[in-house]
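Working notes, structure below.
Protein chains: 2
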Amino acid sequence: MEDYLKTIYHLTEHGEVASTTDIADALDLAAPSVSGMIKRLAEAGLLEHLPYKGVTLTRDGRQAALRMLRRHRIIETYLVSQLGFTWDNVHDEAEKLEHAVSEDLVERMSRALGHPLFDPHGDPIPAADGRIADVSTTPLSDIPVDEQVTIARVDTGVPDRLRWLAEAGLVPGTRLTVRDQQPFNGPVTVGLDIGQRVVGRDLAAQLLCTRDR
Amino acid sequence: MEDYLKTIYHLTEHGEVASTTDIADALDLAAPSVSGMIKRLAEAGLLEHLPYKGVTLTRDGRQAALRMLRRHRIIETYLVSQLGFTWDNVHDEAEKLEHAVSEDLVERMSRALGHPLFDPHGDPIPAADGRIADVSTTPLSDIPVDEQVTIARVDTGVPDRLRWLAEAGLVPGTRLTVRDQQPFNGPVTVGLDIGQRVVGRDLAAQLLCTRDR
DNA sequence: ACCAATCTTTAGGTGTGACTAAATCTTCGC
DNA sequence: GCGAAGATTTAGTCACACCTAAAGATTGGT
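From first to last, the protein sequence lines are chains H and E. Just so we're aligned, residue 0 is where the first sequence starts under numbering that gives the first Met the number 0, counting upward by one. Just so we're aligned, residue 0 is where the second sequence starts under numbering that gives the first Met the number 0, counting upward by one.
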């Protein structure tokens, strides 16, 4: 149930409704399973369902989703900074833990970390009241040549990609200058303090940057 | 399932078989639920069942129970020493977490703690291979007057008792001398470095001590 | 405007782990 | 050694969350 809310939150984050199929694909479940759960969640008042159209979260549903997101991101941050996990292998562990931890434990972890606002991937950590930072970013693939930016957020969960990025020094907080943008979905070349990197277009699209002024 | 194994382990720790009713009482379940689960666990080869007699764990079952016990005790120790939980309120949290943590996480917690051999209550933490320390102890209620002992283990999970004991300085590792043993289930008076304490018979029976030689 | 492809829901089934009620086994007092 | 009390198991349900198969709704192309 908690996984459904989280998924629907992500799917509707930018205003749309979530379709049964989208949810089923995201959770790797059969469509009828999703149909059934949607009914239960709608009865619980956590979402609105327009049959054959899609679902949106209610205020309660969004609140519950944000609570899970907070748990997940605090746990990830904790595992990385206190227990030596790497950012490419915390996801599954956090996915299981988020359903088992108490509110108290989450708050203690947050305190131990100094109440961080972002997790290791740069994703904002919702506050206990559901408020969440909204950082405006641009994909690296859309940054013009010669502009200097800072990586704010890495929008992939694929372990191989994350490992490569960590290796290359392309992590949230890294400052870089775009040196070259090849056309036709070509690679982006960026300059870091420690040297140059060539990043494929796919990956560059997942490096969300803030533009330094 | 994991809870059954742990419970049966505790009930059979000192050689006996565990009855359906004992298990049901310990887990707060109805007897038929236990009967059903016993059948499943027996089919899985985790325990021997003599119908109408009781159950004992097989080697596999004991191994699985010890793995859970290791998880539980490492988690409790971690919560207390790294996250500021007190020993009277870690149990429930650990009870939920032990089913969600990965082997990897448990080992990382253990490492972060310097591979402790005992949890905050003085209970031994099984090694990853299932080996477990066997400390021979005597209840404080059975220690003769004038003998000096060290509290090794506190055999209660009742939060009120644990809080009182922590307050009184009666925790594992504390050295004390028995000053007085009142008859007819009367209280025990003990001398600590920091003063005297009077402990009721019930509680004294749960303070397991090693006798200093 | 219809029909075919696609999406969604309904219908019906499975495994897990709980329950109550009832049947059966064991034990203990006399 | 019998009968009653208590322990245990069997029988039959239930809720949950998943599944497949099939029916029904929507949509886009002609």
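Glycine is no exception: its CB is placed at the ideal position from the N, C-alpha and C atoms.
Mark residue i as exposed unless 16 or more other C-beta atoms lie within 10 angstroms of its C-beta, in which case mark it buried.
i: Lys5(E); result: buried
i: Ser135(E); result: exposed
i: Tyr3(H); result: buried
i: Pro125(H); result: buried
i: Pro182(H); result: exposed
i: His114(E); result: exposed
i: Gly121(H); result: buried
i: Glu97(H); result: buried
i: Ala43(H); result: exposed
i: Thr20(E); result: exposed
i: Ile193(H); result: exposed
Would you kindly check if the distance between the Cβ of residue j and the Cβ of residue i is under 8 Å?
i: Thr76(H); j: Asp118(H); result: yes
i: Leu207(E); j: Arg152(E); result: yes
i: Arg178(H); j: Gln195(H); result: yes
i: Pro171(H); j: Asp87(H); result: no
i: Leu82(H); j: Arg107(E); result: yes
i: Thr176(H); j: Gly190(H); result: yes
i: Met67(E); j: Leu40(E); result: no
i: Val105(E); j: Arg70(E); result: yes
i: Ile7(E); j: Leu56(E); result: yes
i: Pro143(E); j: Ala132(E); result: no
i: Ala23(E); j: Ala29(E); result: yes
i: Ile73(E); j: Ser101(E); result: no
i: Ala99(H); j: Lys52(E); result: no
On the premise that residue j lies in contact with residue i, defined as a C-beta separation below 8 Å, what is that separation, rounded to the nearest angstrom?
i: Leu46(H); j: Val33(H); result: Actually they are not in contact, since the Cβ atoms of Leu46(H) and Val33(H) sit about 12 Å apart, beyond 8 Å.
i: Val197(H); j: Ser140(H); result: Contact flag wrong, Cβ pair sits at about 13 Å.
i: Leu112(E); j: Glu92(E); result: Between Glu92(E) and Leu112(E) the Cβ distance is about 16 Å, and since that is not below 8 Å, they are no contact.
i: Thr85(H); j: Ala165(H); result: 7 Å
i: His90(H); j: Gly156(H); result: 5 Å
i: Asn184(E); j: Arg160(E); result: Contact flag wrong, Cβ pair sits at about 17 Å.
Hey, quick one: how far does the beta strand (DSSP E) through residue i stretch, first residue to last?
i: Ala64(H); result: No beta strand (DSSP E) contains Ala64(H), which is instead part of the alpha helix (DSSP H) from 58 to 82.
i: Leu116(H); result: Neither: Leu116(H) is in no beta strand (DSSP E) and is coded neither H nor E.
i: Ile150(E); result: 147 to 153
i: Leu164(E); result: Where Leu164(E) is concerned, there is no enclosing beta strand (DSSP E), although the alpha helix (DSSP H) it sits in stretches over 158 to 167.
i: Leu139(E); result: Where Leu139(E) is concerned, there is no enclosing beta strand (DSSP E), given that its DSSP letter is neither H nor E.
i: Gln195(H); result: 194 to 198
i: Thr176(H); result: 174 to 180
i: Val187(E); result: 187 to 191
Could you tell me which of the options sits nearest to residue i, measuring between CA atoms?
i: Leu26(E); options: Ala41(E), Ala167(E), Leu10(E), Asp201(E); result: Leu10(E)
i: Arg58(E); options: Gly168(E), Asp128(E), Val148(E); result: Asp128(E)
i: Pro138(H); options: Ile193(H), Leu164(H), His90(H), Arg210(H); result: Arg210(H)
i: Asp154(E); options: Leu169(E), Gln147(E), Asp145(E); result: Leu169(E)
i: Gln180(H); options: Thr149(H), Arg160(H), Asp145(H); result: Asp145(H)
i: Ile150(H); options: Gly35(H), Ile37(H), Ala203(H); result: Ala203(H)
i: Ala63(H); options: Arg130(H), Val148(H), Gln147(H); result: Arg130(H)
What are the start and end residues of the alpha helix (DSSP H) that includes residue i?
i: Glu94(E); result: 90 to 96
i: His214(H); result: Not covered by the structure: residue 214(H). The range shown for chain H is 0 to 212.
i: Thr209(E); result: Note, Thr209(E): premise wrong, no alpha helix (DSSP H); beta strand (DSSP E) at 206 to 210.
i: Glu42(H); result: 30 to 42
i: Leu49(H); result: Not the alpha helix (DSSP H): Leu49(H) falls in the beta strand (DSSP E), residues 46 to 49.
i: Thr19(H); result: 19 to 26
i: Asp103(E); result: 102 to 111
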